[in-house]
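Residue numbers (full-length UniProt numbering): 1 to 137.
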Amino acid sequence: MKTLISFRTIYMLLLVASILFLTISETKGNNIYPGDEAYAIAVEKAPAPIGGLEAIVKKITYPDMAIKTRTEGKVYVLVFINENGEVDDVKVVKGIGAGCDEETIRAVKKTKFSPGVDKGVNVKTKLAIAIQFKIPS
């Protein structure tokens with residue numbers, strides 16, 4: 001009787017599957033960046049910029065490079081907000097370049113947020129924000 005799959009092939013497949021399983025179970029699949037485990041994603045009351053998104057947009061100066069290159073679009077950032085509503089860090093998830101990413105980070109870091117609340121307690125929270133860049137007419 002001829003074996004279609006050798007024992008060595010089965011052993012290698014099991015080994016690869018085990019390594020993949022261990023890697024996925026270690027990361028738990030919910031962290032985008034290392035070190036952000038202490039920040040909650042889902043809370044009873046999500047943080048929000050004081051003054052709304054308009055407060056962030058008012059702090060943005062359209063970069064000269066973006067005007068020269070006619071760069072438009074949305075910059076998506078992940079904002080790490082502490083228990084006091086202050087911005088600890090900002091990470092660009094998807095940028096458009098030409099200085100718009102850096103300008104978004106600068107404006108978001110200058111903004112005060114209402115803190116995230118979970119079970120009646122202020123908590124560290126992650127918040128995703130998209131900032132639209134459109135060349136002024």
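For glycine and all other residues, C-beta sits at the position ideal for the given N, C-alpha and C.
Compute the distance between the beta-carbons of residue i and residue j, then report whether it is under 8 Å.
i	j	result
Gly-85	Lys-112	yes
Helix, strand or coil, according to DSSP, for residue i in the structure here?
i	result
Lys-91	strand
Val-77	strand
Met-48	Before going further, note that residue 48 is Ala rather than Met in the sequence given. Three-state DSSP puts Ala-48 in a strand.
Thr-125	strand
Val-43	coil
Ile-105	helix
Ala-38	coil
Return the chain-ordered list of same chain residues with a C-beta closer than 6 Å to the C-beta of residue i, the five sequence neighbours on each side being excluded.
i	result
Ile-131	Val-75 and Thr-104
Lys-110	Lys-59
By Cβ distance, which residues of its chain are closer than 8 Å to residue i, with the 5 residues on each side in sequence left out?
i	result
Val-123	Ala-40, Val-43, Glu-83, Pro-115, Gly-116 and Val-117
Lys-126	Asp-36, Tyr-39, Ala-40, Ile-41, Leu-78, Val-79, Phe-80 and Ile-81
Note down, in chain order, each residue of its chain lying with its Cβ closer than 7 Å to the Cβ of residue i, except the 5 sequence neighbours on either side.
i	result
Ile-67	Ile-135
Pro-49	Ala-55, Ile-56, Thr-111 and Phe-113
(request) May I ask you to verify whether the segment 61 to 71 touches the segment 108 to 126, counting CB pairs closer than 8 Å and requiring at least 3? (result) Counting Cβ pairs under 8 Å, fewer than three are found: no touch.
(message) I want to know whether the segment 98 to 105 touches the segment 40 to 49 - three or more CB-CB distances under 8 Å.
(response) Flag = no, the segment 98 to 105 and the segment 40 to 49 do not touch.
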